[in-house]
Every structure is written in C-alpha cells, then in structure tokens.
Amino acid sequence: MWLWDLFKSSIQNEDPSDWLPDLDYGDDVAQRAYLKTMAKDTVINFVARTMSTMEVDLQNKDGTEWDYILNVRPNKDQTAADFWQSFFYRLIDENEVLAILTEDDQLLIADDFNRTEYAVFDDVFDSVTVKDYTFVKSFKMSEVIYLTYNNEKLDRWTKGLFNDYAELFGRIMEVAMRNNQIRGSVSIDATGSMNDRKDENGKTRTQRLQDYIDKIYNSFRTKSVAIVAKPKGFGYEEYTNKTGVSNQSLEELNKLKSTLIDDVANMIGVPTALVYGEKAELKDNMDALRKLCLNSLVKKVKDELTAKILTKKEYQNGARIDVRGVMRRDPLELADSIDKLISSSVFTGNMVLQELGLPKSDDPEMDKRRITKNYQDLKGGETTNDET
C-alpha cells in the first residue's frame, strides 16, 4: 500500500491540471441546421420554376408597355422568367408577395414592407424595401400587385416541426459518423508538474505530446501504410475494428429527408413523384399538379393583373387578361379529344386554343361553332353511319 500512499502525497497539493495532460480528445459534430429549409426549398422551387413559364396575354388593351414588362423585362435586373420564379417563390414561402411599379416603369418585388389596412379605403403599403433601398413614397393597394397564399398551416408547420426533424437528422448523422470514427487511446508517464516544464523550444511536455499525437493521427489518416516510432513512456492503442460495431445505413437519412419533402409537397398540392422525377403515372400526376396547385395560382395572378391593369371601362369594352403557358399540353396527344369537342359544337377553335394555353386566332372562322352530321338530328329519308 505504500505506493498508493506515495502517489496520493505527490498530488494532494497539486491541481489536477498539473498531473492530467490538457490534450485534445476530438472535435464536436456540427449541427445540421440546413435541414430546416431543404424540404421546403425543394418543393417551392419546383412550383416556382413551373410557374415561371407563364405568359400574360393582354387582349383589346391599348398600349404595349404592360405586355413588354410582364413578358420580356420587368426590371433592369431580371428577365420575365426570373421575375415570376422569384414572385411565386416568395408568395408560397412567405404567404404573401408585393410587387410595385416605379416611376420609370420597373416592376420590383418588395423584400420588406408595412401594410396599413382600412375598411372602406385602399390599404396602404409604406416602408417598402427592395434590396437595400427603402422607398419614401407610400403605395395604395390599387397601385401595386399584391397576392396572398393563405396557407398559414405551412408556415406554422415549417417553423416548428423542422426544428425537431433537424435535431433527429443530426442525431442519425452523428451515429453514422461515429460508426466510422477512428478511436484510440494514448498512455503516457507523467509525474507531478513535469508537464509544465518547457524545453529549449519553449514547449511544455504536454505540447510536445500533443504535436506527436497529431503527427501519428495524420500519418494514419493520409497514408495507406503508416509506421511510427514508439518512444519510452508512450503508448498508443487503437480500438477501431476491435469491437463489433455495425455501420449505420444511410437509408434512414434518405427516408427522413423524403418524409419532409412528402409532407411539404402534400400541403402545397404537388405530387411527390414529380418532385423526385419519377416517370410512373406521369400523366395522372401532371393533371393532379394542375388541378391541386397550379390552377389556383394562375387564377390568383390573373385576377390580380386584371384588377390592377384594366380599368372598369376597358373591361366592359371587352379588354381581357389571360395567363397561359403553364404546363402547356401537347396538342398532338389530344388530337382525338379536340376533334370530338369541335365536331360536336361544344367548343370553338379559339376555345380549344385557350384551353391548350395558346393565343387566340384572329380568324373569325375560329369563333364559329360547327357540328358534323353524326351529331345532327336525322330528318325523313336521311341516313348516317355509326362512325363518330
């Protein structure tokens, strides 16, 4: 027992830092905060890119300024496709979007603004900020393009649940990385406060040991064959591959990310197969995307542009604004259905063009309804075949 007593007496008046070397034992794993926006950006960008293909058709509207602004160059820094992609991304992400028209006819998307609401007067937008510039002027509701998405559920869900999923994702990632971590221990002979004694280079024993450990680790990490010297009083032992540790499969990480994407896509109305680029049931999924997501966005922007660009008198005189070109259908695939619609006089030629997202024809014949004999009432003495 005298050895134990001797050891106790040698350290009883010393701080633990004198006889325990202050060495580095590894790095902390960084938190994966990017997961909070990964799923949301994936789905919203998909919808915004799709809506960026829209074209605005102004019919019977005097002047071409709006046609150029909406379809070619809304402002000096964006093309029409870039503008509409940013417009719809902000609409879905922030649940509202504001676009203002400057005095030099530039249509700009506001990054920040304050809205003052009134019961019977136009709401007023002030402190409108675009990039780093804040407009002194206030804008009335009748002077701006303003849309709301009305999906507060998405906003609340993304703010709360993403934090929990990010923590879970980080835990799974830590386990996967820990299963492939190199583990080892270093044993050294340290007596009393010898660790603080400096050599001729000004380094303590602890610092020299740390440098040596770093060299060993770098040698093991970068070289396929590594042989290191083992000085007296120093021992290194590696535990990697000595204990039966099963490697964590990355399937759990992929499943977690897919779950987030699926939930966000379902709330926005996007079939998940389209987000992942799957070809199965492509036509049905595209039809579902139009009905559940895109049609409502097209209707919102069409109504807003009609209300803000056309006056009441212009609208009464037949001026119209149409939004087309979003996921335009292939006419060749619908040739049989188009023939049925026109031959039965249900649709005119121009009505079919509008349904296909194509501009109307100026030919007056395209506004006439036609019906084939197969759909006409038979008169006495007349016969017809059964072909349709």
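To convert, note that position 337 of the sequence shown is 356 in the numbering used here; the numbers rise steadily by one, no gaps. Cβ coordinates follow ideal geometry from the N, Cα and C atoms, glycine included.
About 5 Å separates the CB atoms of T291 and D281; that is less than 8 Å, so the two are in contact. In the three-state reduction of the DSSP assignment, Y168 falls in the coil class, being assigned neither a helical nor a strand state. Residue T69 holds the alpha-carbon nearest to the alpha-carbon of R343 among V62, T69, D60.
The beta carbon of D130 sits closer than 8 Å to those of T148, V149, K150, all from its chain and outside the five residues before and after it, given in chain order. Here L329 is buried, its C-beta having at least 16 other C-beta atoms within 10 Å.
A distance of 8 Å or more separates the beta carbons of A58 and L324.
Annotation for K387: T367 place their beta carbon closer than 7 Å to its own, counting only its chain and skipping 5 residues before and after. Taking 8 Å as the cut-off, the beta carbon of F102 is found no closer than this to the beta carbon of V66. Rounded to whole angstroms, the gap between the alpha carbons of R309 and S238 is 58 Å. Using a Cβ-Cβ distance cut-off of 8 Å, the stretch 353-362 and the stretch 378-386 are not in contact, since fewer than three pairs of beta carbons, one from each stretch, lie closer than that value. Residue state for E115 is assigned as strand, using DSSP reduced to three classes. C-alpha of T135 to C-alpha of F144: approximately 6 Å in a straight line. Between N170 and N114, the C-beta spacing is below 8 Å.
If you check the CB distance, D60 and I88 do not come in under 8 Å. Annotation for L77: the continuous beta strand (DSSP E) segment containing it runs 74-78. Boundaries of the beta strand (DSSP E) around D145: 143-149. V91 places its beta carbon 8 Å or farther from that of A100. The continuous stretches of beta strand (DSSP E) do not include N285, which lies in the alpha helix (DSSP H) extending over residues 270-287.
Only exposed fits V139, as fewer than 16 other CB atoms lie within 10 angstroms of its CB.
Only buried fits A284, as 16 or more other CB atoms lie within 10 angstroms of its CB. In the DSSP assignment, V317 falls within the unbroken alpha helix (DSSP H) covering 314-328. Sequence-distant partners of V62 (beyond 5 residues in either direction) whose C-beta falls short of 8 Å from its own C-beta, in its chain, are I280, V283, A284, I287, V289, V294. Annotation: the continuous beta strand (DSSP E) that includes I128 extends over 126-128. Leaving aside the five residues that flank Q395 on each side, none in its chain has a CB nearer than 6 Å to its CB.
With contacts defined by Cβ atoms closer than 8 Å, Y165 and L110 do not form a contacting pair. Distance between G376 and E74, taken at the CA atoms: about 9 Å.
Contact annotation: A338 and N79 have beta-carbon atoms nearer than 8 Å.
Secondary structure of Q395 (DSSP, three-state): coil. Here the C-alpha atom of I361 lies approximately 7 Å from the C-alpha atom of I390.
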